[in-house]
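K.L.:
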Amino acid sequence: MPDTRPRRTFAVISHPDAGKSTLTEALALHARVITEAGAVHGKGDRRATVSDWMAMEKARGISITSAALQFVYDDHVINLVDTPGHSDFSEDTYRVLSAVDSAVMLVDAGKGLEPQTLKLFRVCALRGIPVITVINKWDRPGLSPLGLMDDIEKQIKLRPTPLTWPVGEAGDFRGVLDRRTGEFIKYTRTAGGATRAPERRMAADEVEEADLLPWQEAVDGHELLELDDYDHDQERFLAGETTPVMFASALQNFGVAQLLDLLLDLAPGPSPTEGVDGSVRQVDDEFSAFVFKVQSGMNSAHRDRLAYARVVSGTFERGMVVTHAGSGRPFATKFAQAMFGREVTSVETAEPGDIIGLVNAQALRVGDTMYVGSPISYPPVPSFAPEHFMTCSAADISKFKQFRKGIEQVDQEGVVQVLRSDLRGDQSPVLAAVGPLQFEVVEDRMKNEFNSPIRLSRLDYSAARITDADGALALRGVRGCEVLQRSDGTHLALFTDNWRAGFVARENPDVLLEELPAGGS
987 MPDTRPRRTF AVISHPDAGK STLTEALALH ARVITEAGAV HGKGDRRATV
1037 SDWMAMEKAR GISITSAALQ FVYDDHVINL VDTPGHSDFS EDTYRVLSAV
1087 DSAVMLVDAG KGLEPQTLKL FRVCALRGIP VITVINKWDR PGLSPLGLMD
1137 DIEKQIKLRP TPLTWPVGEA GDFRGVLDRR TGEFIKYTRT AGGATRAPER
1187 RMAADEVEEA DLLPWQEAVD GHELLELDDY DHDQERFLAG ETTPVMFASA
1237 LQNFGVAQLL DLLLDLAPGP SPTEGVDGSV RQVDDEFSAF VFKVQSGMNS
1287 AHRDRLAYAR VVSGTFERGM VVTHAGSGRP FATKFAQAMF GREVTSVETA
1337 EPGDIIGLVN AQALRVGDTM YVGSPISYPP VPSFAPEHFM TCSAADISKF
1387 KQFRKGIEQV DQEGVVQVLR SDLRGDQSPV LAAVGPLQFE VVEDRMKNEF
1437 NSPIRLSRLD YSAARITDAD GALALRGVRG CEVLQRSDGT HLALFTDNWR
1487 AGFVARENPD VLLEELPAGG S
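In the working numbering, the protein residues as written are 987 to 1507.
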């Protein structure tokens, strides 16, 4: 039977170290799907963050892959996608944002809006994704709340509409004033923030003497916001004109329950989706989905390959035969899984908004569409402009078979863009990346997953443009330029820098030299 419970599918975005993985874990804790939280750098018996599983993630304390968590809260199905925070992995984040209906933008109370936060917000704006803002780490010294509201309005051009207001300045977090009810929600710390933080709701006349001064300051702030019309308007929020704001401490689990309730109350659910030909798939039409991520190596015990797909319309049923839009060929979905971090369970059915993992579906690539019934093809996910380039070769030539298989895998997953030419051959492909940390991921995985250590050698290119077969011929022999081909057939002209790319374009006005979307810093 179809699961008719409402869906909320969202991503958490922010600058590195703003607390995304900690918030992801805190949300799962408050939904009672885990019983104890732990930081990425677990200490003693504290467990590692449920959404971070790669060895490099645990060692560095950053999120590299995008983990999907699904759980039930208050009779809603929550699909939470924890995105990479590091700017080197902005392509992966962009792919994730193609699969969600809303985003939670996490802002560090002490640092305000940071460069990667702003970049990711711009992606949300381009995709028309409504954004809820959480001012995190209010338990530490930080900026003034009004100053943060001013920054949001000036830098991202959204009118902030706080739904809670902090009681106590940054570093002295007593609780929040619920601006919709006028109540004081008082928080109580737990040991290390490892369990749900107890909270007590009270009316204004019940506030205890020890909290009266910070409470009155919060009331003054609330009244000032009312006078200036900083109140929530649902239509303006969904139209991308305003952003509801909350104050929290994910590490202490303060404000997390309010965020879950807010997502249920205000965040949009799945909606009709337009295909590349202009046709629209309604949510209750026949099944369709698109792949936004391909990932392998989640289980070190055996070689696995998981294609993450967002259900767009209809009901998915395990074993159903679907059509692959790119090839027109049918294939059976024998094994489908639901994810909770690294843990996977078999899934029998899934509804619009759900994220499913299709096991060992070798034909699927990032951006592919699957459907039943009337053909539909959803817009492809664009690749970002690479700025770093390295040649790659097998350190041990006797392991070339493993080398070739591993390079093919990281290419299909979009870990890096793999470029080839007749001159360089399969023995020495060029790896192209938005950020250099992507190369470290490739090195680590080639050594540990495919048993084929690699040698990398830096190329003196920093700019790429899309060209075509005619352009490849015209640019042959041009100084400071080399044309290679991606596995999807796209020709990329590489240049030493943007100045050289511009100069060659001016000198060759008939040659196609198209810029890619910017993804770097």
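By construction, the Cβ of each residue, glycine as well, lies at the ideal position given by its N, Cα and C atoms.
Bear in mind that the values here come from a model prediction, so they are computed numbers and not experimental data.
(1) Return helix, strand or coil for N1122, following the three-state DSSP convention.
(2) I think V998 touches T1008, with their Cβ atoms under 8 Å apart; what is that distance to the nearest whole Å?
(3) At which residues does the alpha helix (DSSP H) containing T1309 begin and terminate?
(4) Could you check the C-alpha separation between G1305 and T1069 for me, to the nearest Å?
(5) Thinking C-alpha only, which one of E1493, R1462 and R1492 is nearest L959?
(6) Based on the DSSP output, what are the partners of C1378 in its beta bridges?
(7) Taking the DSSP output, what are the residues bridged to P1148?
(8) What are the start and end residues of the beta strand (DSSP E) that includes P1316?
(9) Which stretch, first to last residue, makes up the alpha helix (DSSP H) that contains L1249?
(10) Might you give, ordered along the chain, the residues of its own chain that have their beta carbon closer than 6 Å to the beta carbon of F1321, omitting 5 neighbours on each side?
(11) Taking the continuous beta strand (DSSP E) assigned at H1218, which residues delimit it?
(12) Tell me the DSSP secondary structure of A1455 in three-state form.
(13) Taking E1221 and D989 to be in contact with their CB atoms under 8 Å, please state how far apart those CB atoms are, rounded to whole angstroms.
(14) Within the continuous beta strand (DSSP E) that includes F1436, where are the two ends?
(15) Apply the 10 Å Cβ neighbour rule to V1036 and answer buried if 16 or more other Cβ atoms are within range, or exposed otherwise.
(16) Considering only residues of the same chain and omitting the five flanking positions on each side of A1293, which have a CB-CB separation below 6 Å?
(17) Buried or exposed: where does W1485 fall if 16 or more other Cβ atoms within 10 Å of its Cβ makes it buried?
(18) By DSSP's criteria, A997 is part of a beta bridge. Which residues make up the other side?
(19) Grouping DSSP H, G and I as helix and E and B as strand, with all else coil, what is K1508?
(20) Quick one: residues in its chain with C-beta nearer than 8 Å to the C-beta of S1414, no 5 flanking neighbours on either side, listed in chain order?
(21) What span of residues does the alpha helix (DSSP H) with K1105 cover, start to end?
(22) Rank V1262, L1211 and F1489 by C-alpha distance to the C-alpha of R1465 and give the top, closest one.
(23) Please go through the same chain and pick out, in chain order, the residues whose beta-carbon is closer than 6 Å to the beta-carbon of S1448, but skip the five residues on each side of it.
(24) What residues in its chain sit with their C-beta under 7 Å from that of L1470, if we drop five residues either side in the sequence?
(25) Which partner residues does V1153 have in the DSSP bridge list?
(26) What does the Cβ neighbour count give for S1299, buried or exposed, with the cut at 16 atoms within 10 Å?
(27) Going by DSSP in three states, T990 sits in which element: helix, strand or coil?
(28) If you check the beta carbons only, do A1311 and I1362 fall under 8 Å apart?
(29) Looking only at C-alpha atoms, which of V1093, V1308, G1457 and F1386 sits nearest to D1496?
(30) Since I believe N1122 is in contact with S1257 (beta carbons under 8 Å), could you give me their beta-carbon distance rounded to a whole number of angstroms?
P.N.:
According to the structure data:
(1) Along the sequence shown, read from residue 1 onward, the residue named residue 1122 stands at position 136. Note: N1122 maps to strand in three-state DSSP.
(2) Position 12 of the sequence shown, counted from the first residue, corresponds to residue 998. Position 22 of the sequence shown, counted from the first residue, corresponds to residue 1008. Cβ-Cβ separation between V998 and T1008: approximately 10 Å, too far for a contact (criterion under 8 Å).
(3) Numbered from its first residue, the sequence shown carries residue 1309 at position 323. Note, T1309: premise wrong, no alpha helix (DSSP H); beta strand (DSSP E) at V1307 to H1310.
(4) Mapped onto the sequence shown, residue 1305 falls at position 319. Mapped onto the sequence shown, residue 1069 falls at position 83. When rounded, the distance between both Cα atoms is 29 Å.
(5) As displayed, the chain neither begins before 987 nor continues past 1507, which places residue 959 out of reach and without an answer.
(6) If you number the sequence shown from 1, residue 1378 lands on position 392. Its beta-bridge partners are L1442.
(7) Here residue 1148 refers to the residue found at position 162 of the sequence shown. BP columns for P1148 point to V1231.
(8) In the sequence shown, residue 1316 corresponds to position 330, counting from 1. P1316 -> beta strand (DSSP E) spans P1316 to A1318.
(9) Numbered from 1 along the sequence shown, position 263 holds the residue referred to as residue 1249. From DSSP, the alpha helix (DSSP H) with L1249 extends over V1242 to L1252.
(10) Here residue 1321 is taken as the residue at index 335 of the sequence shown, counted from 1. If the five residues before and after F1321 are omitted, its C-beta is found closer than 6 Å to the C-beta atoms of V1345, all from its own chain and listed in chain order.
(11) Start at 1 with the first residue of the sequence shown, and residue 1218 comes out as number 232. Premise fails: H1218 is in no beta strand (DSSP E) and is neither H nor E.
(12) For the purposes of this step, residue 1455 is taken as residue 469 along the sequence shown, with counting starting at 1. The three-state reading of DSSP puts A1455 in helix, counting H, G and I together.
(13) The residue given as residue 1221 occupies position 235 in the sequence shown. The residue given as residue 989 occupies position 3 in the sequence shown. Cβ atoms of E1221 and D989 stay farther apart than 8 Å, at about 29 Å.
(14) Taking the first residue of the sequence shown as 1, we reach residue 1436 at position 450. Segment: none, F1436 is in no beta strand (DSSP E) and carries neither H nor E.
(15) Here residue 1036 refers to the residue found at position 50 of the sequence shown. Note on V1036: pLDDT 46, under 50, position unreliable in the model; the coordinate value appears next. Here V1036 is buried. Its C-beta has 16 or more other C-beta atoms within 10 Å.
(16) As a working mapping, residue 1293 is identified with position 307 in the sequence shown. Here A1293 has V1277, V1280, L1344, A1347 and L1350 as same chain residues with Cβ atoms under 6 Å from its own Cβ, once five neighbours each way along the sequence are excluded.
(17) On the sequence shown, position 499 is the one that residue 1485 refers to. Exposed, because fewer than 16 other Cβ atoms sit within 10 Å of the Cβ of W1485.
(18) Taking the first residue of the sequence shown as 1, we reach residue 997 at position 11. Under the DSSP definition of a beta bridge, A997 partners with V1067 and A1089.
(19) Outside the shown range of the chain, which is 987 to 1507, sits residue 1508, and nothing can be said about it.
(20) As a working mapping, residue 1414 is identified with position 428 in the sequence shown. Sequence-distant partners of S1414 (beyond 5 residues in either direction) whose C-beta falls short of 8 Å from its own C-beta, in its chain, are T1377, C1378 and S1379.
(21) Residue mapping note: residue 1105 aligns to position 119 of the sequence shown, counting from 1. P1101 to R1113 is the span of the alpha helix (DSSP H), which, as asked, contains K1105.
(22) For the purposes of this step, residue 1465 is taken as the residue at position 479 of the sequence shown. When the alpha-carbon of R1465 is set against those of V1262, L1211 and F1489, the nearest one is in F1489.
(23) Within the sequence shown, the letter at position 462 stands for residue 1448. Once the five neighbours on either side are set aside, the close Cβ partners of S1448 are E1373 and D1483.
(24) Translated into the one-based positions of the sequence shown, residue 1470 becomes position 484. Spatial neighbours of L1470 in its own chain (CB-CB distance under 7 Å, excluding positions within 5 residues in sequence) are listed in chain order as L1405, R1406, S1407, V1416, L1478 and L1480.
(25) Walking along the sequence shown from the start, residue 1153 turns up at place 167. Paired residue(s): G1161.
(26) Here residue 1299 corresponds to residue number 313 of the sequence shown, with the count starting at 1. Answer is buried; the Cβ neighbour count reaches 16.
(27) Numbered from 1 along the sequence shown, position 4 holds the residue referred to as residue 990. Reduced to three states, the DSSP call for T990 is coil.
(28) What you label residue 1311 is simply residue 325 of the sequence shown in a count that begins at 1. What you label residue 1362 is simply residue 376 of the sequence shown in a count that begins at 1. Yes, they are a contact pair.
(29) Working through the sequence shown from its first residue, we reach residue 1496 at position 510. The candidate whose alpha carbon is nearest that of D1496 is G1457.
(30) In the sequence shown, residue 1257 corresponds to position 271, counting from 1. In the sequence shown, residue 1122 corresponds to position 136, counting from 1. Not confirmed; about 28 Å, so no contact.
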